[in-house]
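A short worksheet on the structure shown next.
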Amino acid sequence: MDCQENEYRGQWGRCVTCQQCGPGQELSKDCGYGEGGDAHCIVCPPRKYKSTWGHHRCQTCITCAVINRVQKANCTNTSNAICGDCLPRFYRKTRIGGLQDQECIPCTKQTPSSEVQCTFQLSLVKVDAHTVPPREATLVALVGSLLVVFALAFLGLFFLYCKQIFNRHCQCSKYIYLIFHMNQE
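When you line the sequence shown up against our numbering, it's residues 89 to 273, in that order.
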């Protein structure tokens, strides 16, 4: 006699129903088709949940950011995360039957005007199209380069001036030292 998907073979060789775990718990190992008699209930691992009683495994929580939606409630070990509206500049595509996709997709210029979430964003794209003309960019680069050259030249001249003052001071100190020691002899 073969055991069913939710049964293990007991000590007398008979099929026994697998242990049922409550919400937020799963079996420590697979149980069914004659195996897993020593399985016991454990808490769902992080980012997984189970909302009903049963021998089935905990399910992976949805990540709202991956489907471009706002997260309204966090995932717990007994409930999935709850996703809200689409993030800004995203919308949910409506299918022919009227159903909407779970995933939100980016608004583009080709997005139908019936998608209200995208109408404001598209008007912003039209207004916010200011670019610097190439002639102005060239002028800015030229003036910037000239300023750098003048700054380097000024620093070079300043360095030479400081070096001359330092050398004069050192030579003067040598003469004073020689004169002082010659007078003592």
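Just so it is clear, CB atoms sit at the ideal spot from N, CA and C, and this is done for glycine as well. If you're wondering where the values come from, they're calculated on a predicted model, not measured in any experiment.
Quiz item: Which residue or residues does DSSP assign as beta-bridge partners of Thr105?
Solution: By one-based count along the sequence shown, residue 105 stands at place 17. Per DSSP, Glu95.
Quiz item: DSSP puts Thr182 in a beta bridge; with which residues?
Solution: By one-based count along the sequence shown, residue 182 stands at place 94. Answer by DSSP bridge pairing, in chain order: Gln188.
Quiz item: Where does Thr207 sit, in a helix, a strand or coil, going by DSSP?
Solution: As a first step, residue 207 is located in the sequence shown; it is residue number 119 there, counting from the start. The answer is helix: DSSP assigns Thr207 an H, G or I state.
Self-check item: Three-state secondary structure assigned by DSSP to Tyr137
Solution: Taking the first residue of the sequence shown as position 1, residue 137 is located at position 49. Three-state result, Tyr137: strand.
Quiz item: Since Leu175 and Val154 are thought to touch, with beta carbons under 8 Å apart, how far apart are those beta carbons, to the nearest angstrom?
Solution: Position 87 of the sequence shown, counted from the start, is the residue given in the question as residue 175. Position 66 of the sequence shown, counted from the start, is the residue given in the question as residue 154. Not really, about 11 Å apart at Cβ, beyond 8 Å.
Quiz item: How is Cys351 classed by DSSP in three states: helix, strand or coil?
Solution: With the chain covering 89 to 273 only, the question about residue 351 has no answer from this structure.
Quiz item: Under the DSSP definition of a beta bridge, which residues are partnered with Cys129?
Solution: As a working note, residue 129 is residue 41 in the sequence shown. Bridge partners of Cys129: Leu115.
Quiz item: Using the beta-carbon count (16 or more within 10 Å), is Arg183 buried or exposed?
Solution: What you label residue 183 is simply residue 95 of the sequence shown in a count that begins at 1. Under this definition Arg183 is an exposed residue.
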